[in-house]
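Protein sequence lines, in the order shown, are assigned to chains A and B. Mapped onto our numbering, the consecutive letters of the first sequence carry residue numbers 24 to 325. Mapped onto our numbering, the consecutive letters of the second sequence carry residue numbers 195 to 926. Here the structure comes first, spelled out in structure tokens, and everything after it is commentary.
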Amino acid sequence: MTDTIIHLLAVIIVPPLLMGVIVKTKAAFAGRAGAPCFQLYYDLFKLMRKGTVFSETTTWVFRAGPVVTLAAVLVASLLVPLGRHAAPISFSGDLVFFVYLLGLARFFTAIAALDTGSSFEGMGAAREVTFSCFAEPALFFAFITLARLSNSLTLSRILTHVTPDVWLAAGASMLLLVGAIFIILLAENCRIPFDDPNTHLELTMIHEVMVLDHSGPAFAMILYGAAVKLFVLGALFVNIAFPFSTGNSILDWGIFIAAMLGLAVAIGVVESVMARIRIVRIPQLLVGATILSAFAMLLMLR
Amino acid sequence: MSFPKGVIGNPVFQLFQKTGSPIESFGDDPLFARAHRRPLNADPFRYKPGVTSRQVKRRVAVAINNCEISVDISFDSTYLILASAFIMAVSGVPCILAGAVAGQRIAMLLTMLASIAGEYAAVSILFFNASTTAYSVELPQPFGEAAFTVDNLSLLFLLPLYLVVFCAAIYSPAYWPARKKRGATRLTIFTGLFAASMIAVTIARNGVLFLMAWEVMAISAYFLLTADQQNQETERSGRVYLIATHFGTMALLIMFALLCAITGTFDFPPRCSLALASPYSTAIILAALFGFGGKAGLMPMHFWLPGAHAGAPSHISAMMSGLMLKMGIYGILRVLTFFNLLPPWVGWTFLILGAWSAVGGIAVAAAQRDLKRLLACSSIENVGIIFTGIGMSLVGMQIHSQLLIICGLTGAFIHVINHSLFKSLLFMGSGVIIHGAGTREIDLLGGVARRMPVASALFLAGTIAICGFPPLNGFIGELYLYAGAIQDGISNPLPLTAVVAPLLALVGGVAAITFVKLYGIVFLGQPRSDRGAGSHEAPLQMTVPIMILAFACLFFGLYPVALVRLVSPAVISTAALSAETFDMVSSVVPLAPVMLANGLLILLGLFTGYLYLLKLKKEPCEKNSTWGCGYPARTPRMQYTGTSFSGLIVSQLGTFVSSSKVSPDMHGDLLPAKASFAYEATETVLNQILTPLFRWTGWGFSYLRRIQHGQLQVYILYIIATLFTLMLWRGR
């Protein structure tokens, strides 16, 4: 019960902090002071109090988009175990449900973007759905590998099953898996090298351009939803890459939060040292991730 | 022929052997002696021993042309289903007698009545153990006995059939009003025949009867899809369809002839009665795969499908895509159940062809510019998913994995029902768009949602369902397939079937692109041409059927237990498992938490939406134009088009589909010359393999034209020569 409450609190409170840490890291690399770590919280509160501008072209789909996206991402966040603690909702086959919830969220973001009739947003929507369709097979290969390790179809089980012993036993496979999932994490959350979350008006960007016309509370929902999605996929990554447990529940929560912040720093470092790759190269990189995780599965078959 | 290695017992329908034989001849009267009554106790799930059919109430005997037909009539469920087929078949007759306008109304009422009766019968058999009877009619000598029986496999296909036919019946008079459009009489007559023949296909138990029903179905579909006589494109695709379907029928003729050669009769052999070692068994399976697979739209026999489904009137497309394709799936399942063993290659062939169709179908769909062609191509994908599920279960039978058998079959059967629902919804919805805007070209449409709010919301439901997103019904079928594949990845030493999971994910991803494109470009944004701007909401008669189907999608999505309950009898009897095994194994996908999570998703969505609406009421809302990145003179034609939306993925899936572009040449003498641009999606299978093949065949056979020159005397000579040769051969 305590774990469930902490899980809910963590999902609700922590995600914007990750964004702040990423921005802070990038600022440190650039030699700037940077915005405070809590900047996204201030932004969200500010946006919630603002009015909204709607395009005359839009219909109810545009208003429903952020709502459905946020709801789907929040439900998805209840399926993923945080640290060594089982998720509040877990059932056999929930990993499929998880992937499809993210799909639903993406679907609604994309049609809300197309609702504005802007060619920029149409372009962003096309790229978002196209790239994610290459990322999903990679995720499923990774899930099959993990399911085979833990003999289970629930996210809570397959992710908490990974321990340092598993790493020692199947190190090569795990290493490939971690690489693949890190690529998926960056692609799905539209980070560099796939997308640049800072640019709003260039032809190379994906996610940011889809939400150009959203404003006020709707934009707050979108920013928050994006942060939660980063948190959820980040938790997925941390569970596999950093499988340490002390046995003490509260201490484990501390380790988990620290690991998440570490991940945010890592993403910040990646964004600072890498350039965005060309759009046509993105599918190749994602197919590469698929091959990595398929290879991880093959190594498990021995 | 024997398969010493690798052939493992196929448990299909073993339990049917207990009950498969004709049980009693009826009465002492010689006229009725041929009419058999067989209790259908195929299903241990709910069959109570001792419960037989109700009392016979009436007997009818008719003698036509020496062919004595004797039928027992009792008002049980099978009788209701037969009666519904009969009423549908004759529902078009008033059109001839009373004129097209009144006839169309009468046909609508008759068809609705018949569908309600039939659905009642199907549900009462499935849920309330209503008794069923086998009816049979004696056919002229060599053909055996025309038997009709309803079993669980038939019911699986009858259930969605009645619902979709009911919806199409309401839809038809509004979409194709006899007052305004030509060809309404033809449409009405053949719609009834089409529906009736599909019912007959599912309940026929005799090869000749089956083929007769099959041909009536195929030919009435031809007359339906060419209802729009003015359109040359439709004429052409009708011709292609006619050729393709008769290639299939040819294969089926061969198949039934071979079956007859083994069993000595055209009656369907009892389940599990054919040994794999029996001669011709490989040929039978291959012929069935060709004939039925072609009707189902399995790649590479799918080439007739997009044109045919796109050209037909929309409710006919709904029936063809939602129902007629399923008849191919029904046929192949029925034939597989005749065998007690299946060679190992069958499962893998199904799996590979299914996966190929799924990926290829959706890749071709993504590239389409035509609304209905896109939907038709996505039917190929869905048939591919169904075949993948069936292939998975056949592979499971070979490796004795009950989990693969159950997950594969359950997923495939659920998808059979689901696809009937959402594809019919989408086709009827596209009819509403065509009715309102007058074009099928995606890139000319746009902003339809503002003019048709009701239709657009319903269409969105269909789109979400077909992408397989929760909380609608499409998710449930896919969940079973994924669970089966991943479980195989866990337990199998060499998990080849596990690859189905990432493959389905890829298919799902491309499906999402396709349907975001379809919905986003057609319904949202601004109209891209005057046609799109002129659209208006459809009459209630057209929206109500779509509402019924959308409600069914939502209901089955939120209450998947009902869906599993509908398909479980068919799964249990096809896989010859006990109900306990089914319950135990299918619990790998627990439905209660899925329902809970779906409910949570909806509640959270409604709650957030409610808060957001409250907020919008309080805060000032400003209306402005879309942010054009500083460019003030935007026009609707600058919007992203469907072609550009799918351009990225089409360029990546070049193996299956490529786009042929004719780029403008703008070099003039002084000023740029007039230029035009054309884009066409070209399909690899069709354009690279089938078209050259047909061209070469045509070239090869062109020499045969010399013997066909229209001189009657010479033709008579041919006949005499043929007869003489045959007599020589016979007398040898």
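Just so you know, even glycine gets a beta-carbon here, dropped at the ideal spot from N, CA and C.
Using a Cβ-Cβ cut-off of 9 Å, K809(B) is close to M71, T75, G239 and P240 of chain A, given in chain order.
The beta-carbon of Y64(A) is placed no less than 9 Å from the nearest beta-carbon of chain B.
Under DSSP, S854(B) shares a beta bridge with E874(B).
Excluding the 5 residues flanking it on each side, A695(B) has same chain C-beta neighbours closer than 6 Å at Y676, A679 and I680, in chain order. F669(B) reaches chain A at Y123, counting residues in chain order whose Cβ is nearer than 7 Å. Here DSSP, grouped into helix, strand and coil, assigns L480(B) to helix. For P39(A), the closest Cβ of chain B is not nearer than 9 Å. By the CB criterion at 9 Å, S316(A) and L199(A) fall inside the cutoff.
For the pair of segments examined, the region 857 to 874 of chain B was found not to touch the region 728 to 745 of chain B: the number of CB pairs separated by less than 8 Å stays below three. When the alpha-carbon of A282(A) is set against those of F131(A), L41(A), K47(A) and L32(A), the nearest one is in L41(A). At a Cβ-Cβ threshold of 9 Å, T820(B) and S113(A) do not count as neighbours.
Annotation: the continuous beta strand (DSSP E) that includes N818(B) extends over C815 to N818. When DSSP states are grouped into helix, strand and coil, F114(A) belongs to the coil group.
Using a CB distance cut-off of 9 Å, L790(B) counts as an interface residue toward chain A. Excluding the 5 residues flanking it on each side, A298(A) has same chain C-beta neighbours closer than 8 Å at I215 and P216, in chain order. By the neighbour-count criterion, in which 16 or more other beta carbons inside 10 Å mark a residue as buried, G656(B) falls on the buried side. Closer than 9 Å to the CB of C60(A) there is not a single CB belonging to chain B. Unbroken alpha helix (DSSP H) runs of no fewer than 4 residues, entirely contained in the region 73 to 145 of chain A, are found at 83 to 100 and 117 to 138, following chain order. By the neighbour-count criterion, in which 16 or more other beta carbons inside 10 Å mark a residue as buried, H594(B) falls on the exposed side. DSSP places V331(B) inside the beta strand (DSSP E), whose first and last residues are Y329 to E332. F342(B): member of the beta strand (DSSP E) spanning E339 to F342, first to last residue. Note that the region 588 to 607 of chain B touches the region 777 to 788 of chain B; at least 3 beta-carbon pairs, one per stretch, sit closer than 8 Å. At a Cβ-Cβ threshold of 9 Å, V255(A) and S142(A) do not count as neighbours. For the pair S155(A) and A706(B), the CB atoms are nearer than the 9 Å cut-off.
Rounded to whole angstroms, the gap between the alpha carbons of H237(A) and T48(A) is 28 Å. The straight-line gap separating the alpha-carbon atoms of I273(A) and R107(A) is approximately 10 Å. When the Cα atoms are used, I263(A) and F279(A) turn out to be separated by approximately 12 Å. At least 9 Å separates the beta-carbon of G147(A) from that of G719(B). In the structure shown, F486(B) falls within a helical segment according to DSSP collapsed to helix, strand and coil. Residues of chain B with a Cβ closer than 7 Å to the Cβ of C213(A) do not exist; the shortest Cβ-Cβ separation is about 16 Å. Chain order gives the chain A residues near C815(B) as G74, T75, V76 and F77, where near means a beta carbon separation below 8 Å. Between G291(A) and V37(A), the C-beta gap is not smaller than 9 Å, which leaves the two residues out of contact. For L535(B), the three-state secondary structure derived from DSSP is strand. Between A301(B) and T272(B), the C-beta spacing is not below 9 Å.
By the criterion of a C-beta distance shorter than 7 Å, G491(B) is surrounded in its chain by L499, L519, S573, I574 and V577, once the five residues flanking it on both sides are discounted.
Residue pairing of E635(B) in beta bridges, as defined by DSSP: D564(B).
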